[in-house]
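In what follows, a single structure is set out as structure tokens and then discussed.
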Amino acid sequence: MLVQLPGGWNPLLGRLALDQIPYDNPILAPLFVAVVVGTILLFGLITYYRKWGYLWKEWLTTVDHKKLGVMYIIIGLVMLFRGFIDGLMIRTQQVWANGPHSSGVFGALHGYLTPFHFGQVYSAHGLIMILLAATPLLVGFMNIIVPIQIGARDMAYPYLNALGLWITAAAAVLIMISLFVGDFAHNGWFGYAPIFELQYSPGVGVDYWIWTLQLTALGTTLGGINLLVTIIKMRAPGMTWFRLPIFVWTSLSANIIALTSFPALQVALGLVAADRYLGSHFFTAGFGGNLMLYTNLFWIWGHPEVYFVILPAFGMMSEIFPTFSEKPLFGYVTMVAASFAIAGVSWMVWLHHFFTMGAGPQVNSFFSVATMLVGIPTGVKVFNWAFTMYRGRITYSAAMLWAIGALFMLLVGGMTGMMLAIPAINYMVHNSVFVIAHFHSMLLVIVYAIFGSVIFWFPKVFGFRLDEYWAKVMFWLFTAGSALVFVPMYMLGFMGMTRRLDYVFNPAWHPYLEVMEVGIAVYCLSVLAFVVLLYVSIRDRVKNRAGADAWGTARSLEWLAHSPVPFYNFAVTPHVNARDELAWRREHGMDALEPERYVDIHMPSNTGMALYIGALTFVLGFGLTWRIWWLSLLSLAAIILLMIIRSFRGDDGYIITGAELERMEKEALRNRAQADGKYVSGGRGQVAGTAIAYGRNGASMGGDPFNSSRDGI
Amino acid sequence: MSHGHSDPVQHPEVQMSSVRGYLSGFLISVLLMLAATYMSATHAFPPFGLLMVITVCAAIATIAQTYFLLHIDTAEHNIWNTVSLVLFIPLFVLTIGLTWWMFSQLYLHTMPAMTGMH
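Taken in sequence, the protein lines are chains A and B. First residue of the first sequence? That's 44 in this note's numbering, and the numbers climb one at a time after it. First residue of the second sequence? That's 132 in this note's numbering, and the numbers climb one at a time after it.
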């Protein structure tokens with residue numbers, strides 16, 4: 044033991060002991076009972092309906108990018124809900140614990156949460172929302188949509204894809220476990236030196252925080268590598284760089300940021316772990332450490348990460364606007380350039396998170412100017428979207444409403460961001476809830492884009508549209524909630540309310556806090572509307588069945604595939620002729636062509652290995668958190684062993700023969716004909732010029748996930 | 132799908148790796164790390180000199196790992212590695228350079244009496 048550990052430690056269980064279970068906590072204990080009952084019920088239902096085999100074969104061991112993407116999105120939505128409940132708890136505490144005469148229950152002097160518990164709630168809220176809700180949701184969409192948009196059979200490394208998912212899932216489980224075993228960090232989602240040092244945070248909370256972040260960083264990096272290679276190597280014939288849909292471009296730029304910045308986070312957290320586990324002094328004031336170096340290292344990752352999550356959201360908006368304006372995207376090339384400009388500048392602005400460090404006017408001016416530069420490419424994007432809608436035939440469908448909502452949020456968040464970029468203003472509102480309202484506006488851009496995409500791409504993945512009425516109800520409730528929560532928050536920020544208050548001292552702020560609480564209630568209604576939306580849509584799935592082009596005006600290649608997309612994506616890899624391939628084919632009467640002949644295709648096999656390794660990374664994280672050294676070593680050794688076994692065994696994949704493929708395609712086409720009533724049977728349409736619908740060599744021209752999957756992994 | 136590249140051993144990237152390359156990368160890194168640790172532990176140089184020597188060790192280790200372990204060079208069959216190298220260098224200069232700048236300015240403004248650190 045290199046550090047002095049307060050409390051007990053034994054070789055078998057590490058720091059784990061019965062008194063670490065908060066069974067006397069009046070909030071957590073009932074929740075724990077509910078979770079246990081719910082889990083037993085779920086397992087019972089799966090057993091009763093004999094679905095374990097289906098679950099194992101179709102989901103848990105799958106390497107299909109669409110199913111992995113769906114699982115990413117499910118994790119993201121569950122964690123979004125958990126993070127929302129944390130937000131609800133924060134709002135309720137602040138409206139309750141306001142003024143010296145406010146009452147207190149459950150051991151708190153004011154409100155219902157003790158300061159220690161409140162600190163954990165807002166730390167978990169931030170970490171969950173950014174890294175376990177927004178990130179998996181976006182990675183999930185990139186996973187599903189990017190390969191279909193570029194005409195690939197699967198991701199470049201299907202097995203690595205599954206590994207990334209299960210490591211992310213392990214991180215989610217680790218942070219959920221911290222609810223019931225031990226406690227979570229109370230140092231905010233990004234952490235401060237020296238409060239996360241062992242002598243100031245002696246519990247396991249910070250350790251949970253470190254290993255959760257490390258696991259998500261690892262999972263996201265693996266996913267990023269996979270997406271980059273997929274976009275570079277797996278494009279269909281004819282899919283040149285400047286024919287890529289904008290969502291692919293933004294995914295590319297976002298994942299370049301992810302790949303280059305996540306290591307900085309891992310290093311920063313590795314050094315925190317060294318301080319806490321090995322007794323080093325990287326971030327202590329004594330022994331030559333530097334407190335601000337942590338903040339610096341964290342935001343070297345933190346700021347690029349902000350753009351890692353916003354860029355795919357911009358890509359989603361760029362797909363939704365043209366579809367429902369019935370026009371091609373305005374300024375395609377500038378859109379690409381703007382995405383990469385944002386990605387590039389994202390590396391030069393991180394000091395704006397700590398202007399008040401006191402680095403002096405020269406440094407602050409440089410970072411202030413760099414920060415404002417981000418406004419130029421973002422402005423280009425906003426104008427491009429506006430011009431896309433200008434004189435278009437706009438349909439105000441639910442997806443379009445969400446995209447327009449995202450655009451409004453971007454304006455609010457962007458304008459306040461420009462204000463915060465000025466150091467003089469930043470000194471005034473630093474650490475106030477004005478900053479909180481600003482970055483929530485920006486993150487709401489992502490949430491709006493994600494819900495827009497859920498509605499937009501749902502028929503592509505599941506074969507039926509979501510109910511428009513309930514999607515719109517949800518949109519308006521969500522928008523009302525956002526306005527009610529964040530407009531007062533901006534105002535309170537100007538009045539001087541600082542962030543993270545477990546007790547709000549000024550009774551004059553009570554009306555604002557009450558409006559925000561009402562806003563949270565409206566948010567709750569929108570969550571309810573989402574549940575109703577899912578229920579109604581699944582109930583009416585036959586009525587809402589969608590054809591290949593679910594909206595009738597879609598433009599990019601993914602809408603050429605069947606809805607739902609079969610596990611092999613395109614039976615024959617299409618040949619791409621234009622930037623908006625589907626729109627081009629529709630114009631040339633080629634959008635419903637059937638390939639002339641089918642050839643064998645090679646698919647990667649399912650594997651449980653990714654699930655095992657993911658589970659072991661959870662065990663490793665848990666062991667390290669509680670300092671159970673034998674368990675950590677054992678799980679680490681097992682992970683390495685499994686990786687070696689997997690790389691020697693490889694994957695031979697399996698073949699779908701041309702005949703089988705033809706049978707499946709015929710059936711899919713029959714369904715499709717019922718759904719949208721148009722498809723041309725056999726042969727080529729009358730197309731002038733040198734247009735090609737499908738390459739002559741059939742499937743061999745396009746992506747073969749199998750070959751590349753053997754290369755590296 | 133009998134492509135020419137279906138045998139992974141034939142890939143140029145795989146051809147580049149050898150036991151000798153990996154071992155030399157590993158040994159160089161370990162030796163440099165041990166040397167740096169030893170020098171810090173025994174205070175072999177005055178603080179500023181130590182800082183410089185450790186920085187040089189780290190730089191050599193970085194180059195050795197980039198070349199021997201990651202195979203990042205400018206060979207033609209490795210074009211994407213070259214691209215990543217071209218992308219990486221400005222980022223490296225930017226992050227290290229701006230960090231150095233902001234902290235030297237910070238020290239200038241907050242701890243003017245402290246000598247030997249910069």
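We treat Cβ as the ideally placed atom computed from N, Cα and C, and that holds for glycine. Predicted model, so just to flag it, every value in this text is computed and none were measured.
Taking residue i as the query, report the chain B residues whose CB atoms sit under 8 Å from its CB, ordered along the chain.
i	result
A:Trp390	Leu222, Leu225 and Thr226
A:Ile275	Trp211
A:Leu394	Leu229 and Met233
A:Thr25	There is no way to answer for residue 25 of chain A, as the model of chain A reaches only from 44 to 756.
Any idea which residues DSSP pairs residue i with across the strands?
i	result
A:Ile699	A:Ile644
A:Arg588	A:Phe507
A:Val547	A:Asn141
A:Ser166	BP columns for A:Ser166 are empty, so no partner.
A:Gly766	Since the first residue shown for chain A is 44 and the last is 756, residue 766 of chain A is missing from the structure and cannot be characterised.
A:Gly761	Limits of chain A in this structure are 44 at one end and 756 at the other, which puts residue 761 of chain A out of reach.
A:Ser475	A:Thr541
Just how far apart, CA to CA, sit residue i and residue j?
i	j	result
A:Leu170	A:Pro158	18 Å
A:Ser569	A:Phe430	31 Å
A:Ala176	B:Leu162	43 Å
A:His797	A:Val349	This structure cannot settle anything about residue 797 of chain A, because the visible part of chain A is limited to 44 through 756.
A:Leu336	A:Met400	11 Å
A:Gly435	A:Lys370	6 Å
B:Trp231	A:Ser475	29 Å
A:His42	A:Thr263	Only positions 44 to 756 of chain A appear in the structure, and residue 42 of chain A is not among them; the question remains open.
A:Gly693	A:Ser323	41 Å
A:Leu103	A:Met652	10 Å
A:Val514	A:Leu463	According to the sequence displayed, residue 514 of chain A carries Ala and not Val. Approximately 34 Å between the Cα atoms of the pair.
A:Thr541	A:Tyr533	11 Å
A:Ala591	A:Ala711	10 Å
A:Val779	A:Ile468	Any property of residue 779 of chain A remains undetermined from this structure, which presents chain A solely from 44 to 756.
A:Pro609	A:Ile698	15 Å
A:Leu576	A:Tyr566	15 Å
B:Ile203	A:Leu302	16 Å
A:Thr135	B:Ile210	56 Å
B:Met164	B:Ala190	11 Å
A:Leu111	A:Ser368	31 Å
A:Met757	A:Gly539	In the structure displayed, chain A extends from 44 to 756; residue 757 of chain A sits before or after that span and is not available.
Sorted by chain position, which residues of the same chain lie with C-beta nearer than 8 Å to residue i's C-beta, five sequence neighbours on each side aside?
i	result
A:Gly147	Ala140, His153, Gly154 and Tyr155
A:Arg286	Val619, Ala621, Arg622 and Glu624
Below 6 Å CB to CB, which residues in the same chain sit around residue i once its five sequence neighbours on both sides are set aside?
i	result
A:Phe501	Leu509
A:Phe149	Pro69 and Tyr155
A:Arg278	Ile193
A:Leu308	Ala260 and Trp344
A:Thr293	Leu354, Pro355, Phe357, Gly358 and Ser382
A:Val423	Thr377 and Ala381
A:Gly231	Ser166
Can you list the residues of chain B that residue i reaches, using a CB-CB cut of under 7 Å?
i	result
A:Ala279	In chain order: nothing, as chain B lies at least about 16 Å away.
A:Val182	The premise fails here: A:Val182 is roughly 21 Å from chain B at the closest Cβ pair, so nothing lies under 7 Å.
A:Ile343	Thr226
Tell me which residues share the same chain as residue i and place their Cβ nearer than 7 Å to its Cβ, disregarding the 5 neighbours each side in the sequence.
i	result
A:Glu601	Ile188, Ile191, Gln192 and Lys503
B:Ala166	Cys188
A:Arg125	Ile171
A:Asn750	Per-residue confidence for A:Asn750 stands at a pLDDT of 42, beneath the threshold of 50, marking its modelled position as unreliable; the derived number appears in the next sentence. Contacts found: none.
A:Trp627	Asn620 and Ala621
A:Ile363	Ala442, Met443, Ala446, Gly495 and Phe499
List, in order along the chain, the chain A residues whose C-beta lies closer than 7 Å to that of residue i?
i	result
B:Gln196	Within chain A, no residue comes near B:Gln196; the closest Cβ sits about 13 Å away, beyond 7 Å.
B:Thr205	Simply none; closest approach about 18 Å.
B:Thr230	Asn339
Name the chain A residues that come within less than 9 Å of residue i, Cβ to Cβ?
i	result
B:Met147	Residues of chain A passing the Cβ test: none, with the nearest at roughly 13 Å.
B:Leu237	Met335, Met400, Gly401, Ala402, Gly403 and Val406
So residue i contacts chain A; which residues on that side make the cut at Cβ distance below 8 Å?
i	result
B:His240	Gly401, Ala402 and Gly403
Q) Taking three-plus beta-carbon pairs below 8 Å as touching, is the segment 81-99 of chain A in contact with the segment 633-645 of chain A? A) The segment 81-99 of chain A is not in contact with the segment 633-645 of chain A.
Q | Stretch pair the segment 441-454 of chain A + the segment 512-530 of chain A: three plus CB contacts closer than 8 Å | A | The segment 512-530 of chain A and the segment 441-454 of chain A touch, with three or more beta-carbon pairs separated by less than 8 Å.
**Q.** At least three beta-carbon pairs within less than 8 Å, the segment 391-398 of chain A to the segment 413-420 of chain A
**A.** The segment 391-398 of chain A, when compared against the segment 413-420 of chain A, does touch it at the 8 Å Cβ threshold.
Q: Please determine if the segment 194-210 of chain A and the segment 246-257 of chain A are in contact, where contact requires at least 3 C-beta pairs separated by less than 8 Å.
A: Not touching, per the Cβ criterion.
Q. Are three or more beta carbon pairs between the segment 490-498 of chain A and the segment 455-463 of chain A nearer than 8 Å?
A. By the Cβ rule, the segment 490-498 of chain A does not count as touching the segment 455-463 of chain A, because fewer than three pairs are nearer than 8 Å.
Q. Is the segment 168-182 of chain B touching the segment 143-159 of chain B, taking contact as three or more C-beta pairs under 8 Å?
A. When Cβ pairs closer than 8 Å are counted between the two stretches, the segment 168-182 of chain B is seen not to touch the segment 143-159 of chain B, the count staying below three.
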